[in-house]
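One structure is given here, and the rest of the page talks about it.
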Amino acid sequence: MALLPVLCYPDPRLHKVAKPVAKVDARIKKIVSDMADTMYEAPGVGLAATQVDIHERILVIDVSDNQDELMVFINPELIWASAEVKAWREGCLSVPEYYDEVERPAVVRVRAVGLDGKEFEVEADGLLSVCLQHEMDHLQGKVFVEYLSMLKRNRISLRMKKRAKELVGQR
Ligand code: NI
Numbered sequence: 029m030a031l032l033p034v035l036c037y038p039d040p041r042l043h044k045v046a047k048p049v050a051k052v053d054a055r056i057k058k059i060v061s062d063m064a065d066t067m068y069e070a071p072g073v074g075l076a077a078t079q080v081d082i083h084e085r086i087l088v089i090d091v092s093d094n095q096d097e098l099m100v101f102i103n104p105e106l107i108w109a110s111a112e113v114k115a116w117r118e119g120c121l122s123v124p125e126y127y128d129e130v131e132r133p134a135v136v137r138v139r140a141v142g143l144d145g146k147e148f149e150v151e152a153d154g155l156l157s158v159c160l161q162h163e164m165d166h167l168q169g170k171v172f173v174e175y176l177s178m179l180k181r182n183r184i185s186l187r188m189k190k191r192a193k194e195l196v197g198q199r
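My numbering numbers the first residue of the sequence shown as 29 and each following residue consecutively.
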């Protein structure tokens with residue numbers, strides 16, 4: 029098991045755009061396995077490679093109640109989104125202890141490549157839909173707080189910087 033350090037907002041590396049994965053090989057499988065370990069340990073329901081400073085299009089998600097249904101999305105692409113929108117209270121491992129409401133399409137269809145190298149499609153609603161959209165944003169360099177007002181974002185940045193300083197002080 030290997031845990032990867034998670035970047036914290038407002039780290040500029042969270043705004044890098046991830047590159048597509050050319051081939052699902054042993055290196056990619058190792059990244060996926062480390063990302064899954066990191067997500068479960070947090071614990072979180074999703075993690076994008078961007079958050080662990082790997083700028084390749086890879087997501088791990090597990091929205092199951094028992095956290096025993098890992099989903100892997102390599103090169104995910106949004107192929108359809110519903111006109112209907114829904115607001116969810118979102119959180120993010122890169123913005124610890126902060127939650128806020130974001131409005132997004134209620135249902136989405138996503139095409140991706142799995143760990144077996146094969147392409148698949150999912151239609152998602154509820155938490156999986158939110159999670160997929162949130163994590164795909166990360167791969168584009170976008171953090172959910174960027175949907176909020178400038179005032180809120182500035183407050184969050186200050187809070188995160190203060191939190192980081194306190195954590196260093198505790199060492
Ligand atoms: Ni996030």
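Here a beta-carbon is modelled for each residue, glycine too, at the ideal position from N, C-alpha and C.
Taking C-alpha atoms, which residue in ALA77, GLU84, ILE89, ALA70 lies nearest to LYS47? GLU84
Note down the Cα distance separating LEU143 from VAL150, rounded to an integer number of angstroms. 15 Å
Using 8 Å as the threshold, is the stretch 75–91 in touch with the stretch 103–122, meaning 3 or more CB pairs across them? yes
Determine the extent of the alpha helix (DSSP H) in which GLU193 is found, giving its start and end residues. The residue you asked about is not Glu; residue 193 is Lys in the sequence shown. Its alpha helix (DSSP H) spans residues 178–198.
Compute the beta-carbon to beta-carbon distance between VAL158 and GLU118, rounded to the nearest angstrom, for a pair I have assumed lies under 8 Å. 7 Å
Closer than 8 Å: ALA76 CB and nearest the ligand NI heavy atom: yes
Check each candidate in GLY145, VAL130, LYS180, LYS193 and name the one with the smallest Cα separation from GLN161. VAL130
Do SER61 and the ligand NI come close, with the Cβ less than 8 Å from some heavy atom? no
Under 8 Å: does the beta carbon of GLN79 sit that close to some heavy atom of the ligand NI? yes
DSSP state of ARG85, grouped into three classes? coil
Going along the chain, which residues of its own chain have a beta-carbon closer than 7 Å to the beta-carbon of ALA30, five neighbours each way excluded? ASP62, ASP65
Once the 5 residues before and after GLU147 are set aside, which same chain residues still bring their CB inside 8 Å of it? ARG139, ALA140, VAL141
Closer than 8 Å: is that where the CB of PHE172 sits relative to any heavy atom of the ligand NI? yes
Using a Cβ-Cβ cutoff of less than 6 Å, which residues in the same chain neighbour VAL60 once the five nearest sequence positions on both sides are dropped? VAL100
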